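Taking it in order: structure first as C-alpha cells, then the write-up.
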Amino acid sequence: MSYDFNAIEKKWRKHWQENNTYQTKVETDQPKYYGLTMFPYPSGAGLHVGHPLGYIASDIYARYKKLKGYNVLHPMGYDSFGLPAEQYAIQTGQHPAVTTEENLKRYREQLDKIGFSFDWSREVRTSDPQYYKWTQWIFKQLFAAYYCNDADKALPIENLIAVFEKEGNSNVNAVNACEIEFSAEEWKAFDAKKQADILMDYRLTYLADSWVNWCPALGTVLANDEIVNGVSERGGHPVEQKLMRQWSMRITAYAERLLKGLDKLDWSDAVKDIQRNWIGKSVGASLHFPLWRGVEGEDIDPKISDDTTIEVFTTRPDTIYGVSFMVLAPEHDLVNQITTDEYKDEVAAYQQKAGLKSERDRMADTKTISGQFTGAYAVHPLSGEKIQIWIGDYVLASYGTGAVMAVPCGDQRDWDFAKHFEIPIKNIFADVSIEEGAYTEKKGKIANSDFLNGLEVDEAIKKAIEVLEDKKIGKAKTNYRLRDAVFSRQRYWGEPFPVYYDKGIAKTIDDQYLPIELPEVDKYLPTEDGQPPLGNAYNWFWDSEKNELVGKDKSEEENVHPMELNTMPGWAGSSWYFLRYMDPHNDKAFVAKEKVEYWNNVDLYIGGAEHATGHLLYARFWSMFLHDFGHIPFEEPFKKMINQGMILGRSNFVYRDKESGKFVSFGKRKEYKTSRIHVDINIVDNDILDTSAFKSSREEYANAEFILEDDGTYLCGHEVEKMSKSKFNVQNPDDLVEKYGADTLRMYEMFLGPIEQAKPWDIKGINGVNNFLRKLWRLFHDQDGKVVLSDEKPTADALKTLHKTIKKAQEDMDRYVFNTSVSAMMICVNELTEQKCNNKTILQDLVVLLAPYAPHISEELWTILGNEAGTVSEAKYPVCNEDYLVEDTFEYPVSFNGKMRFKAELANDLSKDEIEKEVLGMEKSQKYLEGKTPKKVIVVPGRIVNIVV
1018 MSYDFNAIEK KWRKHWQENN TYQTKVETDQ PKYYGLTMFP YPSGAGLHVG HPLGYIASDI
1078 YARYKKLKGY NVLHPMGYDS FGLPAEQYAI QTGQHPAVTT EENLKRYREQ LDKIGFSFDW
1138 SREVRTSDPQ YYKWTQWIFK QLFAAYYCND ADKALPIENL IAVFEKEGNS NVNAVNACEI
1198 EFSAEEWKAF DAKKQADILM DYRLTYLADS WVNWCPALGT VLANDEIVNG VSERGGHPVE
1258 QKLMRQWSMR ITAYAERLLK GLDKLDWSDA VKDIQRNWIG KSVGASLHFP LWRGVEGEDI
1318 DPKISDDTTI EVFTTRPDTI YGVSFMVLAP EHDLVNQITT DEYKDEVAAY QQKAGLKSER
1378 DRMADTKTIS GQFTGAYAVH PLSGEKIQIW IGDYVLASYG TGAVMAVPCG DQRDWDFAKH
1438 FEIPIKNIFA DVSIEEGAYT EKKGKIANSD FLNGLEVDEA IKKAIEVLED KKIGKAKTNY
1498 RLRDAVFSRQ RYWGEPFPVY YDKGIAKTID DQYLPIELPE VDKYLPTEDG QPPLGNAYNW
1558 FWDSEKNELV GKDKSEEENV HPMELNTMPG WAGSSWYFLR YMDPHNDKAF VAKEKVEYWN
1618 NVDLYIGGAE HATGHLLYAR FWSMFLHDFG HIPFEEPFKK MINQGMILGR SNFVYRDKES
1678 GKFVSFGKRK EYKTSRIHVD INIVDNDILD TSAFKSSREE YANAEFILED DGTYLCGHEV
1738 EKMSKSKFNV QNPDDLVEKY GADTLRMYEM FLGPIEQAKP WDIKGINGVN NFLRKLWRLF
1798 HDQDGKVVLS DEKPTADALK TLHKTIKKAQ EDMDRYVFNT SVSAMMICVN ELTEQKCNNK
1858 TILQDLVVLL APYAPHISEE LWTILGNEAG TVSEAKYPVC NEDYLVEDTF EYPVSFNGKM
1918 RFKAELANDL SKDEIEKEVL GMEKSQKYLE GKTPKKVIVV PGRIVNIVV
C-alpha cells in the first residue's frame, strides 16, 4: 500500500468530525492549558500560505499539551464585523451578513483541510447577536463606572453620585474631564441634563467632542492602524482631521497599570517596548501662560475671560526661562479666538492644510518645518515677557494640552522651527554658546534663569516645580502619550450601541432587552444629511415604556426616543473574545464564574506583531476593568505571547521591451530597454515561464511575442516580497494540500525557520518534506506495500536514535521551537531506515512524537500499529530515557605537540593510565614518535590526549 495522503487525510478529517475528537474535555485531576491564536477577519480572498503559520504552531503546541496530559482549550472563531464587507455591500447592495457568511464558509473549508484540532463547538463570531449581546453588556458596565485614583481601580458610578450628593466633587480623586467644582447643594440644584453631562466627564465610556481621522470617501472615522501613508488602507482615500461628537473609552485611566503590567508578561521585548512607547509616560510639570492683553492683544476676542491661560506640559520645567515662543495645535480651542485680524486668513489656510493630514503623518514627519504666527502673545509667568504664539501641525490637539512651550536651546524641533522663522533664541545653559546652526540638549548648569542659576539639571527640575507650585502657576504632573480610544464608527456593519437619547441624555437599555440587533436598512451609505448609515433605518427608535424598538412613525410620541446611530469599532468584539470561548453558549452571563476561574487567562497567544498596540492594549484594558468589577479573576489576558514572522512571497517577473513590446527573457534583458512586470507565480515553474499560459492569462497578452534564452525557454526574474494579490505571488494552501497533503504543508511551514522570524516561501523546498513522510511510511511497509512490523526487542542503536529525538523534541517544545524538531525527526527516520528498523516499540513512540506536526499520517500509522480504539491524540507523550544515550566509547582526538594527528576510539571506562597505554601502543602513534620517548603525555578522560615529544 502506497502513501495516499489524499485518501488518508480525507478519512481522518471525517473521523475527527464525526467523533468530536477535538471537543474540549475537562478531567478534574489534570492541569489546564489554554492555547489561542488571534482570530481572523474572513476576507473574500481566503487564506494564503502565510496565514496558517501561527495557526499551525498553535495547533502543534496544543496537541503536544494534550499528549502531556493537559485539559486543552484550543478554540477558533471569526472577527466578522468590518469595513470590507460594508464597502462590498455599498458597491453591490448585498447585505454584509451574506458576504460574511460566504467568506466564513470559505475560511472553514480551508482551515479544515489543514487538519487543525480546533474545538469548533465553541466557535464565536463577533457579528452573531448572541455574541455581541455581551459586547453591549460590557459597554454598559464601562458606562456605569468611573476610575477612582484612591482605590486605583474602577468603581460603580453610583458611588460617585453618592459622594456628589453628600459633599460635591471638591474632594473627589478620580480620572475625569470635569472643568467645574461644585458643592452638594449645587449638584442637587442641577437639572437632569447638567448632572448627566457632569457624570459623562467621569464615566469610563463617554461622549465628547474628539479629533478623529475622518475619511469622507468612506464616510467613517478610521483608527490610526487603518491609515497608511496618509490615506485609508481600504481604497486609498484621503483622510483628514475632524472634530466630532464621539463615544470614547477612557483607557488613559489605566495607563499606569497597563505600563506596570508589562513587567509580568512573557512577551517579546520588542512588543513590550512598542506598548511602553505608545503609552509614553512622561514625568514633569503642568504650567499656565496668561494671554498678553497689551496693544498687540487688542484684537483678542473679548469673550475670552481675563483669567484664560494656555496650559502646557513639559518634562523640563527647569528650562522655563529658555521659552522663546509657544506653539499651539492648529485645532486648539483658543486659536480662532486669539488670532488677530491681520493673520486670520493665513491661520485659516494653515488650519485647512493641517486638517488634511492624519495624526500619524503629523507625528511621523520630523523633517518638514511649517507653522503660522497668530499675531497673539502670551505672558511668561515668571519674567512677564511677551512670547509669540504660533500654530504648527507637529503639535496635536489630542496629545497633552495641545500646546508646547518652545525652548530652542534644549529641543531640536524647537531649534529648527526658531531658525526657520527667525525667532530669537534664549540660551539658558552655562558654558554653551548658541551659535548659527548650533544646538544642544545638554546640559551644563542652568544660567540666565533667576533662582535656577548654577543648578544641575535634576536639581533645577525639582526647584522649578517647587516655585511653580508655590506661585500657583504650575504643578507636578505625570503625562501619558496614550489617548482615550474613540469608540464610534459611522458604519452599518458593527455592534449597535445599546443607547437611546431622552431629551439629549444618553441612556442605556436594560440588560433583559439585549441584544439590540442591527436593523435592516435600504442602503449602507450615510444619510443625505450626513448621518451614519443607521440613520436610514426605519425601526430605530426606542419605546422606553414598552421597551422595544419601534418605527419612525412613532418618533414624536413622548416615550419614544432616537437610538444611537453610530456602531462600535472592530476592536470591541476582539477585546474579550478569549473569554467567550470558555463558555460560548451561556445566555445568562458572558462567562460563568466557574468556567473563567478554571481556564483563567490564555497560556499561549500567537498572533501578528501588527496588533502590538491596538488590539493588545484594548484587550488588556478591558480585562483590567472586568477584574476591577469582580467578573474575572485576572488582570492580564495573555500570559505568554509569540508573534509569528511573516512568510514572504517569491515573486516572478517578465521584462517587456519598451520599443517593440516583446517580452525579453531574464538572461537577455540587459540587451534591451525593458520594464519589469509581475507575473502570476502559478504559471511559472522553477523560474521558467509557461508562455502559453501567459498568453491566456490576460487579453492584452494574447498576441505576446518572446525573446527566449538560447535553450528556447523564457526565464523569469525573481524577488522576495510580501505576499500580495497585486504582486501575483500569493500561494493558495488548497493547491498545496491537494498536491502534497496537509501534513506536508504543516511540517514545511514549520521547517522554514523560527516561528518569530520572517522567511521567504519557496515551493521547491516542499518536496523534501513530502519525501520525508514517504520514507517514514516505508518504515512500516515492505516493497510490496505490505505492513511489516517486528515485536522483537529494540536494538541499542534504535533506542539511542529514538531517545535522542525524544529529548530534542521535548526541549524544542519547551522553548516553542518547531523548525529544529522537524529536522530532528527527519534525521531519526534516516537513521532508522539505515538500521532497517521496523520495531513496533520504536515506531509507536516516533508516531506520537510526529502526531502534533503531521496528525493525519500519524493517525493512520497509529492504527497500523494495532491501536484500533481511540486516536493518537489520546496517547501519552514519550519520555526520554537518558540511559539509552550514554556512549560506550569516546573518540579521542590525539595530538602531538599540540597538533591533532588522528582520532582513537576507546572504551569510556578506561583509566588515565590505560588510555595512555592504548594510545602509545597504536601504530599511528609510533609513526609520529619516530622512535622517541614522549617527554609528557596529557590525558583528559572524555576529552583529549596530547603527547609532548
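With our numbering, the residue at position 362 of the sequence shown is 1379, and numbering never jumps. For each residue, glycine too, the CB sits at the ideal point set by N, CA and C. None of these values were measured; they are calculated from a predicted model.
Would G1409 and H1349 qualify as a contact pair, given that the criterion is a beta-carbon distance under 7 Å? no
Going by DSSP, what residue range makes up the beta strand (DSSP E) through K1480? Looking at the DSSP string, K1480 is not in any beta strand (DSSP E); the run it does join, the alpha helix (DSSP H), is V1474 to D1487.
- Query: Which residue's Cα is closest to the Cα of M1764: P1113, I1131 and K1027?
  - Reply: I1131
So, helix, strand or coil for T1356, using DSSP? In this structure, DSSP gives T1356 a state outside helix and strand, which the three-state scheme calls coil.
Checklist entry - If you follow the beta strand (DSSP E) that E1736 is part of, which residue opens it and which one closes it? => result G1734 to K1739
Worksheet item: Can you tell me where the beta strand (DSSP E) with V1329 in it begins and where it stops?
Response: Looking at the DSSP string, the run of the beta strand (DSSP E) that includes V1329 is T1326 to T1331.
Length at least 3, wholly inside the region 1547-1594: the beta strand (DSSP E) runs in chain order: 1558-1560, 1565-1567 and 1577-1579
- Where V1747 falls: helix, strand or coil (DSSP): coil
Within 7 Å, strictly: CB atoms of Q1040 and D1129: no
Using CA atoms only, rank isn't needed, just tell me which of D1831, I1844 and A1826 is closest to V1865. A1826
Exercise. Of the residues V1412, G1339, P1398 and G1401, which one's Cα is nearest the Cα of S1375?
Worked result: V1412
ask   = In chain order, what residues of the same chain have a beta carbon less than 6 Å from the beta carbon of D1519, not counting five sequence neighbours either side?
value = So the qualifying residues of the chain are H1578.
Could you say which of L1732, S1640, H1065 and D1707 lies nearest to K1685 if we only look at CA atoms? L1732
So which of A1206, E1476 and Y1163 has the shortest CA-CA distance to N1190? Y1163
**Study point:** I1107: first and last residue of the uninterrupted alpha helix (DSSP H) it sits in
**Key:** L1100 to T1109
How long is the line joining the alpha carbons of A1975 and D1467, rounded to whole angstroms?
In the structure as shown, the chain begins at 1018 and stops at 1966. Residue 1975 is therefore absent and cannot be evaluated.
Using the beta-carbon count (16 or more within 10 Å), is G1401 buried or exposed?
-> exposed
- Task: Could you tell me if E1035 is buried or exposed, where buried requires 16 or more neighbouring beta carbons within 10 angstroms of its beta carbon?
- Result: exposed
(message) Restricting to runs no shorter than 3 residues, where is the beta strand (DSSP E) found entirely within the region 1196-1276?
(response) 1222-1232, 1237-1239 and 1257-1266
query: Given a threshold of 16 other Cβ atoms within 10 Å of its Cβ, counted over all protein chains shown, does I965 qualify as buried or as exposed?
result: The structure shown does not extend to residue 965, since the chain spans only 1018 to 1966, so no value can be given for it.
Measuring CB atoms only, is the region 1482-1497 touching the region 1070-1089, in the sense that at least three cross pairs come out at less than 8 Å? no
Nearest-angstrom Cα distance between E1196 and N1186?
11 Å
Practice item. Keeping to the same chain, check which residues put their C-beta closer than 6 Å to that of E1562; ignore five residues upstream and five downstream. Key: N1576
* **Those residues which DSSP pairs with L1706 across a bridge** => V1701
- Count the other CB atoms within 10 Å of the CB of D1076; is the residue buried (16 or more) or exposed (fewer)? When all chains shown are included, D1076 counts as buried.
Within the continuous beta strand (DSSP E) that includes E1692, where are the two ends? The sequence shown places Ser at residue 1692, rather than the Glu named in the question. T1691 to V1696 is the extent of the beta strand (DSSP E) around S1692.
ask   = Counting pairs of beta carbons, one from the region 1595-1612 and one from the region 1139-1156, are three or more of them closer than 8 Å?
value = These segments touch.
Looking only at its own chain, which residues have a Cβ that is under 7 Å from the Cβ of V1503, when we skip the five neighbours before and after it?
S1227, V1229, V1238, Q1263 and S1265
* Return the chain-ordered list of same chain residues with a C-beta closer than 7 Å to the C-beta of F1098, the five sequence neighbours on each side being excluded. => T1143, S1144, W1510, G1511, E1512, G1587 and G1590
* To do: Taking L1762 as the reference, give the member of S1743, G1785, A1775 and P1771 with the closest Cα.
  => G1785
Fill in: Range covered by the alpha helix (DSSP H) that runs through W1794
I1783 to R1795
With respect to the beta strand (DSSP E) encompassing H1305, which residues constitute its N-terminal and C-terminal limits?
K1298 to P1307
| message | DSSP has F1680 in a bridge; who is on the other side? | response | R1673 and F1723, per the DSSP bridge assignment.
Exercise for review: Could you tell me whether the region 1303-1312 touches the region 1276-1295, where touching means 3 or more Cβ pairs closer than 8 Å?
Suggested key: The region 1303-1312 vs the region 1276-1295: no contact.
Taking the alpha helix (DSSP H) that I1178 belongs to, which residues open and close that run? I1174 to E1184
Q) L1373: buried (16+ other C-beta within 10 angstroms of its C-beta) or exposed? A) Note on L1373: under 16 other CB atoms within 10 angstroms of its CB, so exposed under the neighbour-count rule.
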